[in-house]
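Single-structure report; data block below.
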Amino acid sequence: MAGVLLLGAGLGAAVSKLSDVIIHVLRKSSQFRSELTQIQETITTIRPMIENLQNQTKVSDRLKHEHGLFITQIVGAEALILKCNHVRWFEIYTHAVKLDKLNVSMLKFFQIVVPLVILNRIGDLQESITKGDSSRSSSGVPLLNDSVIGFEDQVRKLKEMVLKDSVGDECSVVVVSAPGGCGKTTLVKTLCHDPDIQAKFDKNVYFVTISERPNLQIVIKDLLGNKEADFINDADAINKWGSFLNGNESEILLVLDDVWDASIINSFKFKFHKYKILATSRTIFTQFNTYELQLLNDHDAAKLFSYYAVSEHQNEDIPDDLVDKLLKSLKYSKKHPLTLSVIGGLLKGKPVVSWRVMLKKLSDGQQSILDLHQSIEHCLARSLDALEKESEMKKCYLDLGLFPEDKRISATMLMDMWVHLYNHEEDGSTTLERLLELSYRNLATILRINSPKIAND
C-alpha cells in the first residue's frame, strides 16, 4: 500500500511543482501567456484524478507504465517552461508548438487514466465481493435449532410458490405472514434446506434478519460478506447489492426474515428474472404474493408439545390423560408453537405433581400464559410496540380485550363504540378500515357472514 501512496503522492508533487513554475514564469514575462494558461487549466482539471490515485488499493501495470511516462514528461516540462523567459525571437513559434504539445500530452494522460482508475475500482469491488462470498457458509442459511413438526405440507406449498417463474424481467416476491412465534422463521429455514431449493440455488441463498429498525448498510455488508465495505448512504448500499446481482449469472434467493415494513422489500427489488425474494412478516403486505402460515392441527400440536415436554430420562411416566387435559387447558393459545414449546420446556423432566400444579393454574386462570415466560410476553409486546406511533389503532386493539376471550365480536357493536370514542363515521367505513388493518397485522381475525345485508354493504 505504501508503494501505491508514493505513486500518487509523487505524481501530485511533480504536478504541483510544475504549476508553481508556470506561475513564476507568468509573473516575469507576458510571452506564451495563452499557452501557459491552458497548461495551468489542464493541471487544475487533472488534479482530482491525481488525488484519486492515492486512494487506489492496487494499481495495474498499465497504470504504473502511464504514470512513469508522465513523471518523466513533467520533469522535462519544467525545463521547457523555465526557458520561456529566454527564448529568442526566431524560436518563439517552435517553442509555442512545444508548449501546445505538452498540454495535449497532459490531456491525453487524463483521458487514459480515468477509465483505468474506474477499472481498478470495479476490480476492487469484485474482489471484495469474491472474498466475502468465500467467507460465507455453504448456503448462508442458519441451521435449524430443533426438530420440525407439522410443516411438511406447508413447506411443499411454499416451495411451489417460491419456485414459480416470475413474469418478464421482474423478480418474484413471496411473503410468509403469521403472528409472532408461529414458526415463520422455522418454516423458511426448513424450506431453504430442502433438496429441491438447494439444487435450484446451490450456494446462492442469502439469509438476513431485518427486525423493526434495520440498518440497511449493515444488512448489505452481511449479504456481501464484507464487513469493511464503505457506503455513502443506504441508497449506495442497495446499489452495491444490485451491482452484485448484475454480475452473478446464477439463480439467487434472498431471504429477508422479520420484515416490519413493505418498503424494505421494495428496496431490495430489482428487474432480474433469476432473482427471488422470500420474506417473513407479522403483517400481510397486500402488494405482494402472500403465504399465510397455518396453525398446527390437533395432532401436530400434541406432537410438538410432547417433543418439548417429555424427557427420555423422566423418572416417572406422565399419564396420557394428564397430557390431554393440559393441552385442552391451552386452547386459548390457538396451538401457538412458541407457547407449546415454552410450557413444554418448563415441564420437561419435572415430576407428575408439577404437571398437576401447572394444569390447575392454567385451568383456574390463576396464571396467565403471558406470565409463564418472558419470551411469550416479549413476542406480543413487539407487535404492540409497533402500534405506538398509531395511538388510535393501539386503543382499538386493546378495546378487543373488553370482550370474552375467543368469542366472536359483532362489527356493528365495535362501530357503535368507536363512533363515540374516536369519532368514526356512522357508516362504518373507518371502523372497517381499522379492523382490516388489525387483520393485516395478524392481531384480529375477520369472519365474513354470508347474509344479504352484509353482501349489500
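Mapped onto mature numbering (1 follows the signal peptide of the UniProt record, and there is no 0), the consecutive letters of the sequence shown carry residue numbers -16 to -1, 1 to 441.
All C-beta atoms, glycine included, are put in the ideal place defined by N, C-alpha and C.
{"Item": "Collapsed DSSP secondary structure at Ser234 in the structure displayed", "Value": "coil"}
{"Item": "Stretch-stretch touch, CB-based, cutoff 8 Å, three pairs: the region 242 to 259 with the region 121 to 137", "Value": "no"}
{"Item": "First through last residue of the beta strand (DSSP E) which encompasses Val337", "Value": "It is not in any beta strand (DSSP E) - Val337 instead sits in the alpha helix (DSSP H) that spans 336 to 348."}
{"Item": "Residue-level contact to chain D via CB, Thr29, 8 Å cutoff", "Value": "Of the chains in the structure shown, none is chain D; there is only one protein chain."}
{"Item": "Contact check, Cys68 vs Ser13, beta carbons under 8 Å", "Value": "yes"}
{"Item": "Separation of Ala370 from Arg197, as counted between CA atoms", "Value": "11 Å"}
{"Item": "Rounded C-alpha distance that separates Thr396 from Asn281", "Value": "32 Å"}
{"Item": "Leu20 beta carbon less than 8 Å from that of Val9", "Value": "yes"}
{"Item": "Closest residue to Cys166 among Asp178, Tyr190, Ala285 (Cα-Cα distance)", "Value": "Ala285"}
{"Item": "Separation of Asp305 from Leu416, as counted between CA atoms", "Value": "44 Å"}
{"Item": "CA-to-CA distance, Leu314 to His357, given in whole angstroms", "Value": "15 Å"}
{"Item": "Bridge partner(s) assigned by DSSP for Glu276", "Value": "Ser161"}
{"Item": "For Leu142 and Leu237, the rounded distance between their alpha carbons", "Value": "14 Å"}
{"Item": "Rounded straight-line distance, which links the Cα of Leu171 to that of Phe289", "Value": "18 Å"}
{"Item": "Where Asp369 sits in the DSSP three-state scheme", "Value": "helix"}
{"Item": "For Ser14, three-class secondary structure by DSSP", "Value": "coil"}
{"Item": "Under 8 Å between C-beta atoms of Pro187 and Pro126", "Value": "Here the sequence assigns Lys to residue 187, which means Pro is not the residue at that position. Result no, Cβ atoms of Lys187 and Pro126 do not sit closer than 8 Å."}
{"Item": "Cβ-Cβ distance between Ile249 and Lys224 below 8 Å", "Value": "no"}
{"Item": "For Ser156: DSSP bridge partner residues", "Value": "Lys260"}
{"Item": "Boundaries of the alpha helix (DSSP H) in which Thr174 is found, first to last residue", "Value": "168 to 176"}
{"Item": "Rounded straight-line distance, which links the Cα of Phe272 to that of His408", "Value": "29 Å"}
{"Item": "Nearest-angstrom Cα separation, counted from Leu66 out to Gly60", "Value": "10 Å"}
{"Item": "Segment contact flag, the region 205 to 219 with the region 151 to 159, C-beta cutoff 8 Å, min 3 pairs", "Value": "no"}
{"Item": "Neighbour-count burial assignment, Pro321, 16 or more Cβ in a 10 Å radius", "Value": "buried"}
{"Item": "Exposure label - Tyr259; buried when at least 16 CB within 10 Å", "Value": "buried"}
{"Item": "Beta-carbon proximity of residue 455 to Asp153, cut-off 8 Å", "Value": "The requested residue 455 does not occur in the structure, where the chain is confined to residues -16 to 441."}
{"Item": "Where the alpha helix (DSSP H) through Ser195 begins and ends", "Value": "That residue, Ser195, is in no alpha helix (DSSP H); its beta strand (DSSP E) goes 189 to 195."}
{"Item": "Extent of the continuous alpha helix (DSSP H) run through Ala183", "Value": "179 to 185"}
{"Item": "Per-residue burial, Phe387 [other beta carbons within 10 Å of its own, 16 or more giving buried]", "Value": "exposed"}
{"Item": "Residue nearest to Asn232 in terms of C-alpha spacing, selected from Ala246, Val189, Leu200", "Value": "Val189"}
{"Item": "His79 classed as buried or exposed, judged by whether at least 16 other C-beta atoms fall within 10 angstroms", "Value": "buried"}
{"Item": "Among Asn210, Ile360, Val341, nearest to Ser325 - alpha-carbon criterion", "Value": "Ile360"}
{"Item": "Beta-ladder partner(s) of Asp241, from DSSP", "Value": "Thr193"}
{"Item": "Beta-carbon proximity of Phe191 to Gly226, cut-off 8 Å", "Value": "no"}
{"Item": "Member of Lys184, Leu262, Leu343, Lys332 whose CA lies at the smallest distance from the CA of residue 442", "Value": "Outside the modelled stretch of the chain, which goes from -16 to 441, sits residue 442, for which no answer is possible."}
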